[in-house]
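As structure tokens, the structure follows; a few thoughts come after it.
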Amino acid sequence: MRTCQVCGNTIFNERYYSHNEDGSVNRDFCSDCYRNGHFTSEITGAAHSDERFASALNSVSRRYH
Ligand SMILES: [Zn+2]
Numbered sequence: 012m013r014t015c016q017v018c019g020n021t022i023f024n025e026r027y028y029s030h031n032e033d034g035s036v037n038r039d040f041c042s043d044c045y046r047n048g049h050f051t052s053e054i055t056g057a058a059h060s061d062e063r064f065a066s067a068l069n070s071v072s073r074r075y076h
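To convert, count from 1 in the sequence shown and add 11; that's the numbering used here.
Below you can see the structure in the form of structure tokens.
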């Protein structure tokens, strides 16, 4: 059981984990926040000033790019 690093929701079920672009499971985020290697806010173009989101984005950038 993990907590989404963006929205803070607890992820109870494997199916709610997000996925990376290559299809592997990303247990840092839920499927609402992160999908196919992209944050959903990036996909929708929503502005994100949330501090937690920014730090989560940084940690992903460090790890996956
Ligand atoms: Zn989330």
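Even glycine gets a Cβ: it sits at the ideal position worked out from N, Cα and C.
Predicted, not measured: the structure shown is a model, and the values here were computed from it.
Handout entry: Pick from THR21, VAL17, MET12 that is closest to ARG46, judged by C-alpha positions
Key = It is VAL17.
Exercise for the section: Just tell me which of VAL36, ASN31, CYS44, ASN37 has its CA closest to the CA of ASN20. Expected result: Selected option, being the one with the closest Cα: CYS44.
Handout entry: Local conformation of SER70 per DSSP, three classes
Key = Under the three-state reduction of DSSP output, SER70 falls in the helix class.
Handout entry: Between the CA atoms of ARG13 and GLU32 - distance to the nearest angstrom
Key = GLU32 and ARG13: Cα-Cα distance of roughly 20 Å.
Problem - TYR28: first and last residue of the uninterrupted beta strand (DSSP E) it sits in - result: Start and end: 28-30.
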